[in-house]
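Residue numbers (UniProt numbering): 1 to 116.
C-beta: ideal position from N, C-alpha, C; glycine also.
The model shown is predicted, which means the values in this text are computed figures rather than measured ones.
Presented below is the structure to which this report refers.
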């Protein structure tokens with residue numbers, strides 16, 4: 001599938017530019033859906049995927065820009081409060097491996113080198 005780029009309809013935030021110097025940052029989730037459907041959003045509900053960087057390096061980078069905390073260690077999710085006062089979730093690429101018969105029986109493996 002060819003890669004597509006869609007305009008955000010806004011300039012990048014300075015923190016996004018800074019993070020992009022160290023890794024690949026993808027906008028994911030509801031914000032992408034809203035862009036594709038042409039829906040205007042009054043509130044910014046931004047979720048990202050950061051690839052090409054490990055959790056510790058991402059946390060250190062974000063902590064130098066705003067407030068960052070690993071809130072989902074088992075899932076590799078960082079909650080980040082930007083200098084603009086927006087709270088975003090940034091996930092790491094991961095795979096899940098079944099460890100049993102139930103829907104909760106799985107192990108999550110974060111992999112900064114996973115192709116996206």
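Please tell me whether residue 91 and residue 79 are closer than 8 Å, where the distance is taken between their beta carbons.
Going by C-beta atoms, residue 91 is not nearer than 8 Å to residue 79.
Is there a Cβ of chain B sitting closer than 8 Å to that of residue 15, yes or no?
Reference to chain B is not applicable here, since this structure consists of a single protein chain.
Can the beta-carbon of residue 48 be found less than 8 Å from the beta-carbon of residue 71?
No, they are not a contact pair.
Let's test the definition: count the other Cβ atoms within 10 Å of the Cβ of residue 60 and tell me whether it reaches 16, buried, or not, exposed.
Exposed is the call here.
Rounded to the nearest angstrom, what separates residue 26 and residue 50 at their Cα positions?
Each residue's Cα considered, the two are about 6 Å apart.
To the nearest angstrom, how far is it from the Cα of residue 82 to the Cα of residue 36?
Approximately 25 Å between the Cα atoms of the pair.
Are the CB atoms of residue 77 and residue 46 nearer to each other than 8 Å?
Taking 8 Å as the Cβ cut-off, residue 77 and residue 46 do not qualify as a contacting pair.
Taking just the CA atoms, how far does residue 74 sit from residue 66?
One C-alpha to the other measures close to 23 Å.
What separation, rounded to the nearest whole angstrom, lies between the Cα atoms of residue 15 and residue 85?
Using only the alpha carbons, I get a separation of about 11 Å.
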